[in-house]
Amino acid sequence: HFRIVGVSEKDEGIYHCVASSNQGEVISDPAVISVQVQGGWSEWMPWQPCSVTCGRGIQMRKRLCDSPPPKNGGSYCVGDNTETRPCLQAFCPVDGVWGSWTPWSACSSSCGAGLRQRSRKCDSPPPSNGGKPCPGEPMEDMLCEDLPLCPINGGWSSWGPWSSCSRTCGAGGTQRRERKCDMPPPSNGGRQCVGPESGVG
């Protein structure tokens, strides 16, 4: 083996050496010339699509060691065959998530029927960038339990008709009329009706 400087790839092939003298010609055994080619990078390929459809991602592009490819012991291309860069797509939609419920409120009534309420906010996080709103309701009601019956104060009925006069003739007679404390009657500790049950005229 020996090294020939200054040849190119087109010089590769099989060669014969011919020696001439007045005795004649001698042709050598065939000699193969192989040209060592160092690898060269191609141009960068186009950037690939971003790795995500929304938010922050990565883009990559490649190049090949084929311009030319290494040959006959030539060195491979120096450097990386890939390159990356950050990419930012449209902001990702964020669906709303409910925050915690507030404590139950005090009962709306101290007797009879009442309600307690609690509320929550769609802020953990709130919907953004086209995200869905929180499912469900922001308010919740609950019946109060074990409330006492409310006291009912008594109310007078309408006056009844006047009675007949206490005298059939002359002056000084009287008439009476009555009413009842039953519209409604007092119950559950409510107050009695105020005022007279009967009237004289």
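Each step along the sequence shown adds one to the number in the UniProt record's numbering, with nothing skipped, and position 151 is 151. Don't be surprised by glycine CBs; every beta carbon is placed ideally from N, CA and C.
Residue i (DSSP reduced to helix, strand or coil)
{"i": "Asp141", "result": "strand"}
{"i": "Lys10", "result": "helix"}
{"i": "Tyr76", "result": "coil"}
{"i": "Leu64", "result": "coil"}
{"i": "Ser21", "result": "strand"}
{"i": "Lys180", "result": "coil"}
{"i": "Leu115", "result": "strand"}
{"i": "Thr82", "result": "strand"}
Straight-line Cα distance separating residue j from residue i
{"i": "Cys92", "j": "Gly130", "result": "8 Å"}
{"i": "Val35", "j": "Gly57", "result": "45 Å"}
{"i": "Ala113", "j": "Glu145", "result": "8 Å"}
{"i": "Cys193", "j": "Gly170", "result": "36 Å"}
{"i": "residue 262", "j": "Pro49", "result": "Here the chain has residues from 1 to 201 only, and residue 262 is not among them."}
{"i": "Gly39", "j": "Val97", "result": "57 Å"}
{"i": "Arg85", "j": "Ser28", "result": "59 Å"}
Same chain only: Cβ atoms within 6 Å of residue i, ignoring 5 sequence neighbours per side
{"i": "Gln175", "result": "Trp162, Ser163, Cys165, Gly201"}
{"i": "Ser51", "result": "Gly57, Ile58"}
{"i": "Arg167", "result": "Gly173"}
Residue nearest to residue i in terms of C-alpha spacing, selected from the options
{"i": "Ser110", "options": "Asn188, Asp182, Leu147, Arg179", "result": "Leu147"}
{"i": "Asn72", "options": "Ile27, Ala31, Met183, Glu9", "result": "Glu9"}
{"i": "Pro30", "options": "Trp41, Asn22, Val18", "result": "Val18"}
{"i": "Trp41", "options": "Asn22, Ile27, Tyr76, Ser28", "result": "Tyr76"}
{"i": "Arg177", "options": "Met183, Pro185, Glu197", "result": "Glu197"}
CB contact below 8 Å: residue i versus chain D
{"i": "Gln59", "result": "The structure shown contains no chain D, having only a single protein chain."}
Nearest-angstrom beta carbon gap, residue j and residue i [assumed within contact, 8 Å]
{"i": "Gly136", "j": "Lys121", "result": "Not really, about 12 Å apart at Cβ, beyond 8 Å."}
{"i": "residue 266", "j": "Pro127", "result": "Absent from the model: residue 266. The displayed extent of the chain is 1 to 201, so no value can be given."}
Own chain, CB closer than 7 Å to residue i, minus 5 neighbours either side, in chain order
{"i": "Leu88", "result": "Arg56"}
{"i": "Lys62", "result": "Met45, Asn81, Thr82"}
{"i": "Arg118", "result": "Trp101, Thr102, Pro103, Trp104, Ser105, Glu140"}
{"i": "Asn188", "result": "Leu149, Cys150, Pro151, Ile152"}
{"i": "Cys54", "result": "Gln89, Ala90, Phe91, Cys92"}
Contacting residues, own chain, Cβ-Cβ under 8 Å from residue i (five flanking each side not counted)
{"i": "Gly13", "result": "Val32, Ile33"}
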